[in-house]
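S.K.: The structure under discussion is supplied below as structure tokens; questions concerning it will follow.
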Amino acid sequence: GPYKLIVTWMMGVIMLFVIMRTAFLGYVLLWGQMSLWGATIITNLLSAIPYLGNELVKWLWGGFFVDNATLTRFFALHFLLPFIIAALTMIHLLFLHQTGSSNPLSLTSNFDKIPFHPYFSI
């Protein structure tokens, strides 16, 4: 069908959101006035989730407001997420290797393909 690369595309979207979360956590680690309010506002967006949003925000903060517990949690996540990004990248490349990439014209031609290794992996 037309969506033969859907798993590869979904892995790319998941990677995008994990990278955005890592960048946000790195921004909060500066612990200035702007990053404190950025953390407060962005994490408060979770309170819009019905029934468990407020509890989720309190769990994420480690209390009732953004404090040192929040900074410690964000630091730990900011340290761990790059390893998850590396694993997701390897899975994404595995899916790309299995399915091949597409082109905008939807022509299936093997004329201009080059192997991934060593041209892109090194």
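Take the sequence shown: its position 91, counting from 1, is numbered 92 in this note's numbering, and each next residue is one higher. Glycine residues also receive a C-beta, built at the ideal position from the N, C-alpha and C atoms. Fair warning: this is a prediction, and the values are worked out from it, not measured in the lab.
1. CA-CA distance, Leu-81 and Ala-88?
2. What first and last residue would you give for the alpha helix (DSSP H) that runs through Lys-114?
3. Which term fits Ala-40, buried or exposed, when burial requires 16 or more other beta carbons within 10 angstroms of its beta carbon?
4. Report the start-end ranges of each alpha helix (DSSP H) in the segment 38-99 that is 4 residues or longer and not cut off at the edges.
5. Using the beta-carbon count (16 or more within 10 Å), is Trp-1 buried or exposed?
6. For Leu-130, which residues in the same chain have their Cβ closer than 6 Å to its Cβ, ignoring the five residues on either side in sequence?
7. Tell me the DSSP secondary structure of Ile-123 in three-state form.
8. From Ile-86 to Pro-119, what does the alpha carbon distance come to, in whole angstroms?
9. Should the segment 15-30 be called in touch with the segment 70-77, which here means at least 3 C-beta pairs below 8 Å?
10. For Ile-15 and Gly-64, what's the separation of their Cα atoms in angstroms?
M.R.: Well, looking at it:
1. One-based indexing of the sequence shown puts residue 81 at position 80. One-based indexing of the sequence shown puts residue 88 at position 87. The alpha-carbon separation between Leu-81 and Ala-88 amounts to approximately 11 Å.
2. By 1-based counting over the sequence shown, the position of residue 114 is 113. No alpha helix (DSSP H) holds Lys-114; DSSP gives it neither H nor E.
3. For the purposes of this step, residue 40 is taken as the residue at position 39 of the sequence shown. It is buried - the Cβ of Ala-40 has at least 16 other Cβ atoms within 10 Å.
4. You should have 54-62.
5. Residue 1 is absent from the structure shown; the chain starts at 2 and stops at 123.
6. Absent from the structure is residue 130, since the part of the chain shown begins at 2 and ends at 123.
7. Working through the sequence shown from its first residue, we reach residue 123 at position 122. Three-state result, Ile-123: coil.
8. For the purposes of this step, residue 86 is taken as residue 85 along the sequence shown, with counting starting at 1. For the purposes of this step, residue 119 is taken as residue 118 along the sequence shown, with counting starting at 1. So the alpha carbons of these two residues sit roughly 22 Å apart.
9. A contact exists between the segment 15-30 and the segment 70-77.
10. As a working note, residue 15 is residue 14 in the sequence shown. As a working note, residue 64 is residue 63 in the sequence shown. Cα-Cα distance, rounded: 29 Å.
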